[in-house]
Amino acid sequence: MATKISWSSFGEVKRAIEANTSHTTVKLVLVGYGVTYIPPSRTSLEFLSDFAKDSGPYKERVKVFLIDEERIARKFCDDNEFVVGTPLLQVYYNGKSVRYRYVRKDNVDGDTKSTNILIGQLHSTTIQTIVSSTLSAVNKNPSSENVVVDLDVDVLTNVPRNEEFQSDDDEDDDDDSDTDTGEDTTEEDSESENTDEGKKHKEEELDDDESDNDDEDSGDD
1 MATKISWSSF GEVKRAIEAN TSHTTVKLVL VGYGVTYIPP SRTSLEFLSD
51 FAKDSGPYKE RVKVFLIDEE RIARKFCDDN EFVVGTPLLQ VYYNGKSVRY
101 RYVRKDNVDG DTKSTNILIG QLHSTTIQTI VSSTLSAVNK NPSSENVVVD
151 LDVDVLTNVP RNEEFQSDDD EDDDDDSDTD TGEDTTEEDS ESENTDEGKK
201 HKEEELDDDE SDNDDEDSGD D
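Mapping of the sequence shown onto full-length UniProt numbering: residues 1 to 221, in sequence order.
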């Protein structure tokens, strides 16, 4: 059974963001955007809705709002050049939008660009990672007016680092490459030629035998 999506308004979100500035306890405001008729978007909304109902240790520190891109946030999508139906997430702390940088720990150069809009399908692990990383960054400097959080791309996508994968298709290609060398084909052609020569030789012997028999028959006459 699908999760029932409880939509919010921009007014509710604004009031929650403004109220957050007076809280002494760190509270994050998560704003998820999407629609219910596109699977990746609906999935993200459902996971956010489930997280709002059961946030575990973050229950008193996180508030979640869901915005319908079709009915409420079409202008927001147009202004930011997003197609309506794209799963989006914004996070606010201390009345300000939190910015994120996508990085890889094994990339020494890193990525200096930051964004205040996270794009892509969410699931429970992704949401937990975003919340825990944000709270960790905030706790290190709670008075900061500009919070920038580094998100490990590999952790978000659950892709192991420094690990090579070989698909079954690649293995099949390797097997096919042996055939492409022509070695097996040459052997088959050679065997085919030998077989044809044997048949031809056999037929010649049969013709000779028939010829000898005809000569003997004529001699008897």
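The C-beta atom is built at its ideal place from N, Cα and C for all residues, glycine as well.
{"Asked": "Let me make sure I understand the geometry here. Which of G56, N94, C77, I127 has the alpha-carbon closest to that of L151?", "Found": "I127"}
{"Asked": "On the three-state DSSP scale, how would you describe Q121?", "Found": "coil"}
{"Asked": "So within the region 19–96, which uninterrupted alpha helix (DSSP H) runs reach at least 4 residues, ignoring any that extend past its ends?", "Found": "39–53, 74–79"}
{"Asked": "Return the CA-CA distance between K27 and F47, expressed in angstroms with no decimal places.", "Found": "19 angstroms"}
{"Asked": "Would you call the region 28–39 in contact with the region 84–91, where contact means no fewer than 3 C-beta pairs closer than 8 angstroms?", "Found": "yes"}
{"Asked": "With a cut-off of 8 angstroms, do at least 3 Cβ pairs link the region 52–70 to the region 1–18?", "Found": "yes"}
{"Asked": "Compute the beta-carbon to beta-carbon distance between Y93 and T115, rounded to the nearest angstrom, for a pair I have assumed lies under 8 angstroms.", "Found": "With 8 angstroms as the limit, Y93 and T115 do not qualify as a contact, their Cβ atoms being about 15 angstroms apart."}
{"Asked": "If you count every other CB in all the chains shown that lies within 10 Å of the CB of V13, and 16 or more means buried, which is it?", "Found": "buried"}
{"Asked": "Which residues mark the beginning and the end of the alpha helix (DSSP H) in which V103 is found?", "Found": "Where V103 is concerned, there is no enclosing alpha helix (DSSP H), although the beta strand (DSSP E) it sits in stretches over 99–103."}
{"Asked": "Going by CA-CA distance only, name the one from L156, C77, S97, V29 that's closest to E60.", "Found": "V29"}
{"Asked": "Using only the alpha-carbon positions, how far apart do P57 and S44 sit?", "Found": "21 angstroms"}
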